[in-house]
Amino acid sequence: MKTDFFNDQLENNTILISPNQGERYEIGNNSFTFKITSEHSNDQLGIYEIILAPMSIGAKLHYHRYMDETFIVKKGILTFETLEKNFQATTGSVAYAPRFSPHGFRNDTQEEVVLLLIFNPSSKREGFFRGLNEILNKTPIDPEKYLKLYNKYDSYPVDSSDMIPTRE
9 MKTDFFNDQL ENNTILISPN QGERYEIGNN SFTFKITSEH SNDQLGIYEI
59 ILAPMSIGAK LHYHRYMDET FIVKKGILTF ETLEKNFQAT TGSVAYAPRF
109 SPHGFRNDTQ EEVVLLLIFN PSSKREGFFR GLNEILNKTP IDPEKYLKLY
159 NKYDSYPVDS SDMIPTRE
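First residue of the sequence shown? That's 9 in the working numbering, and the numbers climb one at a time after it.
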C-alpha cells in the first residue's frame, strides 16, 4: 500500500464532557473530577475540575520536572503561591507554572473556589489523583506514602517537612 503524503487522514475522535460528567473523587469537602484524561489525549493533556472548600489547601509549594501546569479560576479567589510571593487569582484568571517553577495553591476565603487544572503532558496524572484520594482520606496521613506518590507522578515538594496539604 502506498503512503499518501498529500492528504490528511481524518478521524472522528472529538469528545464532549458535560458539566456534571467525569470520574469524581471527594477528599473531605474538596473534590476533583476528571474531564480530559491521559486515555483521551494519548497522554498529552489532562484537564481536571477542582473544587476547594473554604480555607482548604490544594497543594503546598512544589514543582514538576516533566510537565507544565495551568490553573483557570472559574469561581472564587484562588491564592496562587510562588517562591517569591502569593497572587490572588480571581474568577477568569489564568496562572501558568512551567516545569521547574515552584508553585502551590489554596483557598484562603470563606467561599468555594472552582478551577480547571491542566497538565501537559498529562503523564497519567489520574493515578496521582486516585492515590491522593486514598492517602488523604486516611488519618493520620502517611508522609512517606504521600512523598512516594508525589515523586512517582512528577511532583517534588520544595520542603518535604511541610508538604501535606493541611493547615496548622
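Just so it is clear, CB atoms sit at the ideal spot from N, CA and C, and this is done for glycine as well.
Rounded separation between residue i and residue j - CA only
i, j, result
"S39", "V166", "24 angstroms"
"F108", "F42", "24 angstroms"
"S168", "K68", "10 angstroms"
"N187", "Q52", "In the structure as shown, the chain begins at 9 and stops at 176. Residue 187 is therefore absent and cannot be evaluated."
"G135", "N28", "21 angstroms"
"P106", "Y164", "14 angstroms"
"K145", "N15", "Per the sequence presented here, residue 145 reads as Asn, with Lys not at that position. Their Cα atoms are separated by approximately 52 angstroms."
"H48", "Y56", "13 angstroms"
"I59", "F88", "15 angstroms"
"T45", "L125", "12 angstroms"
"S64", "L86", "10 angstroms"
"R175", "G36", "14 angstroms"
"A97", "T11", "49 angstroms"
"D116", "K93", "15 angstroms"
"A103", "R32", "23 angstroms"
"G84", "R114", "11 angstroms"
"K82", "E120", "11 angstroms"
"E77", "S101", "14 angstroms"
"N128", "L155", "21 angstroms"
"N159", "E19", "36 angstroms"
"N141", "G30", "16 angstroms"
"Q17", "N50", "17 angstroms"
Paired residues, beta bridge with residue i - DSSP
i, result
"F127", "G54, E77"
"P165", "H70"
Span of the beta strand (DSSP E) around residue i
i, result
"E34", "32–35"
Residue range of the unbroken alpha helix (DSSP H) whose run includes residue i
i, result
"N159", "151–160"
"L144", "133–144"
Cβ separation of residue i and residue j, assumed to be a contact under 8 angstroms, to the nearest whole Å
i, j, result
"Y161", "R133", "6 angstroms"
"H70", "G112", "7 angstroms"
"P173", "G66", "7 angstroms"
"S131", "M171", "The pair is not a contact, with the Cβ atoms about 19 angstroms apart (cut-off 8 angstroms)."
"L184", "I80", "This structure cannot settle anything about residue 184, because the visible part of the chain is limited to 9 through 176."
Exercise. What alpha helix (DSSP H) runs, 4 residues minimum, are completely inside the segment 39–122?
Worked result: 46–49
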